[in-house]
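The structure under discussion appears below in the form of structure tokens.
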Amino acid sequence: MNCGFCNLDRSKNPEIWNTVLFETSNFFVVPTLGALVEGWLLIVSKEHYLCVGELDSELFEELEKLTFKVSNFLTKLYGDITIFEHGPAVPNQLVGCSVDHLHLHLAPLSFDLLGATKNIIDLEWTELVDFKQSKEYFNRSKPYVYIKNPKNEQFIATSNVFPSQTLRQAIAYEINKFEKYNWRNNLEIDHIMSTIKTIQNSPFYTECDNLELSVYD
Ligand SMILES: [Zn+2]
Ligand SMILES: [Zn+2]
């Protein structure tokens with residue numbers, strides 16, 4: 001399969017952005033290429049899934065606990081964290097980050113991402129009680145964008161005309177870096193390096209270090 005995450009051999013690719021910051025049985029936490037702000041991480045599944053909507057139901061609890069812990073950890077370092085996903089329903093759709101492998105974004109944003117998305121595309125948002133409801137979208141081949149704001153409110157929207165990297169565009173526009181929304185052309189290595197340094201030097205890092213054990217407590 002031609003998948004950047006599945007084909008990645010971390011021992012042969014020691015680039016800084018491949019640094020694993022946290023890990024559980026089924027997920028990695030890594031910095032994101034194209035971090036428009038410092039402190040932006042990705043939770044990536046070890047097995048290949050297209051999006052959270054496709055994830056096996058048994059893995060949801062692990063994902064939710066990990067997301068909760070990493071988000072709390074990041075909040076201590078950077079303030080309010082927004083969680084979001086570009087959920088393609090089939091490979092090679094524009095809504096994805098041009099990465100067709102499950103990855104959930106966690107980023108410290110000082111603005112309301114849902115509101116900022118209006119600058120890029122008009123969407124009808126539905127409030128979710130459970131992220132698992134994304135399955136209904138995936139199963140009906142509906143691409144989606146998902147946002148969980150710092151108040152823990154969750155929203156999802158679908159469209160047939162999502163622009164490429166929709167939520168990255170919304171963030172880049174809001175922080176006046178619109179020309180940098182495409183991560184392929186703007187790796188933002190300085191942000192990646194400072195993120196790793198801040199996290200690894202944090203006094204909270206050791207307590208979070210081995211999420212493998214604590215994720216199931
Ligand atoms: Zn993959
Ligand atoms: Zn993405």
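Per full-length UniProt numbering, residue 1 is the first one in the sequence shown, and the count goes up by one each step. Even glycine gets a Cβ: it sits at the ideal position worked out from N, Cα and C. These figures come from a predicted structure and were not determined experimentally.
Are the Cβ atoms of E85 and V52 separated by less than 9 angstroms?
yes
TODO: To the nearest angstrom, report how far apart G87 and H101 are at their CA atoms.
DONE: Within the model, the alpha-carbon separation for G87 versus H101 is close to 9 angstroms.
(request) Reducing DSSP to helix, strand and coil, say where Y137 ends up. (result) Looking at Y137 - three-state DSSP - the assignment turns out to be helix.
For this session: Answer yes or no: do T32 and L41 have a C-beta to C-beta separation smaller than 9 angstroms?
Result: yes
* Taking S73 as part of the alpha helix (DSSP H), name the residues at either end of that continuous run. => Correcting the residue type first, residue 73 is Phe in the shown sequence and not Ser. Here the alpha helix (DSSP H) through F73 covers 60 to 78.
*Per-residue burial, V215 [other beta carbons within 10 Å of its own, 16 or more giving buried]*: Legend: pLDDT at V215 = 41, less than 50; position of this residue unreliable, no value from coordinates given.
Suppose you measure from the CA of D217 to the CA of E179; what does that come to, to the nearest Å? In this prediction, D217 scores a pLDDT of 38, lower than 50, which makes its location untrustworthy; no coordinate-derived value is stated.
Query raised in the report: With 16 other CB atoms within 10 Å as the buried threshold, where does L213 fall?
Result: Residue placement at L213 cannot be trusted, given a pLDDT of 42 that sits under 50; what the coordinates show is reported in the next sentence. The residue in question, L213, is exposed, as its Cβ has fewer than 16 Cβ neighbours within 10 Å.
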